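When the letters of the sequence shown are read in order and numbered with the working numbering, they come out as residues 6 to 546.
This report concerns only the one structure given below.
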Amino acid sequence: MSANRRIYNKLLAATCLTIFLSGGLGACSKKNEQDGDKIIHFGNSGEPKSLDPYIATGTWEHQIISDMFEGLTANAADGKTVSGMATSWTTSPDGLVWTFKLRDAKWSDGVPVTADDFVYGWQRLLTMKPPTQYASMLFLVKNAEEVFDGKLPKDTLGIKALDPKTVQVTLEHPASYLLDFLTHPITYPVPKHVVEKYGDNWINPEHIVVNGAYKLEQWSPNDFIYVAKNPKYYDAKNVCLEGVYYYPTQDDIAAERRVKTDRLDIHTNFGGSRREEIDRTMPGYARVSDYNSITYYIFNTKKKPFNDPRVREALSLAIDREFIANEILKGGQKPAYSLVPKGIFNYDFEKVHQDWENMPRAQKLELARKLLKEAGYGPGHPLDFTFSYRNSRDNPRIAPVVQQNWRDIGRDWVNVHIVGNDVQINYDKMQRGDFEVGDAGWVADFNDARNFLYAFETSAGEMNYGKYSNPEFDTYLKQSDFEKDANKRKELIEKAEKIVLKDNAFIPIYFDSSRNLVNPNITGWVDNPNDYHRTKYLCTK
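Right, dumping it as structure tokens:
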């Protein structure tokens, strides 16, 4: 793409955004492709907090980051795991040592990608100050936890560069899911020569170098992000799109209008209640699929009264999940009475759930009153708290329903205040412990039940929003890490899930579905349970 064409597209994007935010209906169309350029406009839910692979935690951030960086393995168009920077790998008989052979690849400035970039990156992840929120996910690597805690030097970490093209990873315990895990951004390499030169500013458009299909060209905060095709990418000849504009689009109805009028090509959500209207007025746009994701409410177990399991269970009992899923959402969501979704490999979804799942609602409310009374609450002394929810997707529609569900326990039994926050603000507050009951979602980082239980592990740090801690729960998870027999490992994880459910550390609300709006002129989009859609596979007719 020529420099003049890039300037034109950036100016056009700014104009488009002004019209996008003001609600105008004309002037800006996706049909801005000139001189053969193929550009798409992507409604991406939220504004990124960061595009550093080791700092970002949201799916909306990872969508962009995975366009720009590639790890040892990567995701195919259908979401499955395929080779990335690594072309092949071998595993020791005990499953602890993995050796990866790297392909010939370059950073976008022409410097070769080497094994040292992976070693440097993983060491950086565990020694960053302040600590990164996802760092504990890497604790499966030999000595990672000790390096993170400062008990061992970073060069003892279980990753070595045997030569410029060979990475050797040594694990603390066997991990059958490792290849899936290595598609996560926290395992991506970073360019040592750039990070050391620019420090935290290495991710700025004027400094960044990448090894993925697209390079960051412009970031106008709360406006748009533009990434352009990286000509140095090893598979650039098979990348169709010349560039992608990402917009923060939390207003689904507004985004739907812009997809309909060709000002967005893709938007990453629509309300289930809109499905019939969308199919009628925009045939072929709605893409719905099963999704390895759960929406749940989390308790701050460090604050009274949510350190009392009776209070937590009473509030969970009162939620009418069937009404929420079937009457409010109507988008393929399923009521949730457990943590791990049905689509996770080698896990008996039907075996783990709340004992009172099938209890009639009247009995659930009666039991909720009994528990609250035991905890010292009732008429004259109601349970008073604030519920913080995300101002995105269907969450603002659900919040008042849940508020009424809690009031249904009984008049003057519960007094709940609801407060909506921007997505990133809501998560930041939960990570700081600045909440009482909060709205959250968890999307599988890799297809294994262990990933969902991670969010309640004591060592998960800020990702354990409610600071739940149970030694027996942690022990079962630790044992599952070292168990080689798949069935025995599954049983250990099931025992752990039963504990967190019995403790009512969270309220499972519903298992989500992925609902995307995709212009039929976009090719290469494949529905999949991970909802991964790397734009290097997309094109336009």
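Positions of the beta carbon are idealized from the N, C-alpha and C atoms, including for glycine.
Quantities reported herein were computed from a predicted structural model and do not represent experimental measurements.
V406 - DSSP class collapsed to helix/strand/coil: helix
Beta-carbon spacing of A552, D168 below 8 angstroms: Residue coverage of the chain in this structure runs from 6 to 546, which leaves residue 552 outside it and unanswerable.
Member of M73, R437, K489 whose CA lies at the smallest distance from the CA of V244: M73
Collapsed DSSP secondary structure at G28 in the structure displayed: Confidence in G28 is poor, its pLDDT being 42 and thus under 50, which makes the residue's placement unreliable; the coordinate value appears in the next sentence. In the structure shown, G28 sits in coil (DSSP, three-state: anything other than H, G, I, E or B).
For H189, three-class secondary structure by DSSP: coil
DSSP beta-bridge partners of A291: In DSSP, A291 forms a bridge with L522.
Selected residue, minimal CA-CA separation from I512, among F392, E371, K308: Ranked by Cα distance from I512, the first of F392, E371, K308 is F392.
Stretch pair the segment 481-491 + the segment 501-508: three plus CB contacts closer than 8 angstroms: yes
Beta-carbon proximity check, N396 vs Q255, cutoff 8 angstroms: yes
Per-residue DSSP class, three states only, for L176: strand
Neighbour flag for G89 against chain E, beta carbons, 8 angstroms: Here there is only one protein chain, and chain E is not present.
Separation of Y193 from L101, as counted between CA atoms: Cα-Cα distance, rounded: 20 angstroms.
At least three beta-carbon pairs within less than 8 angstroms, the segment 203-219 to the segment 74-89: yes
Bridge-paired residues (DSSP) for W103: T96, V174
Closest by C-alpha distance to N209, when choosing among E201, H198, L221: L221
C-beta atoms of T137 and Y59 nearer than 8 angstroms: yes
Secondary structure of T266, DSSP reduced to three states: coil
Pairwise C-alpha distance: G529 and L543: 5 angstroms
Distance, H46 Cα to Y231 Cα: 9 angstroms
Minimum C-alpha distance to Y382 - residue among A260, R315, F105, P196: R315
Continuous beta strand (DSSP E) assignments of at least 3 residues falling wholly in the segment 189-225: With a minimum length of 3 residues, the unbroken runs of beta strand (DSSP E) contained wholly in the segment 189-225 fall at 219-225.
With 16 other Cβ atoms within 10 Å as the buried cut-off, status of N533: With 16 or more neighbouring CB atoms inside 10 Å of its own CB, N533 falls in the buried class.
Alpha-carbon to alpha-carbon, N535 and N351: N351 and N535: Cα-Cα distance of roughly 16 angstroms.
Contacting residues, own chain, Cβ-Cβ under 6 angstroms from K265 (five flanking each side not counted): M287
Segment contact, 8 angstroms Cβ cut-off, at least three pairs: the segment 300-307 with the segment 268-285: Result no; under three Cβ-Cβ pairs closer than 8 angstroms.
Through-space distance from S278 to H538, alpha-carbon basis: Taking the straight line from one Cα to the other gives about 24 angstroms.
Nearest neighbour of G276, chosen from I333, K237, H358, K242 [CA to CA]: I333
A3, DSSP secondary structure in three states: The requested residue 3 does not occur in the structure, where the chain is confined to residues 6 to 546.
Beta-carbon contacts of K489 that lie in its chain and below 6 angstroms, excluding the five residues immediately before and after: Correct list, in chain order: P179.
Alpha carbon of W313 to alpha carbon of V505, nearest angstrom: Going by the sequence as given, residue 313 is Asp instead of Trp. One Cα belongs to D313, the other to V505, and the distance between them is close to 14 angstroms.
Nonlocal neighbours in the same chain, by C-beta distance under 6 angstroms from D486, ignoring five residues either side: H178
Separation of A259 from G28, as counted between CA atoms: Unreliable placement is indicated for G28, whose pLDDT of 42 sits below 50; the coordinate value is still reported in the next sentence. So the alpha carbons of these two residues sit roughly 7 angstroms apart.
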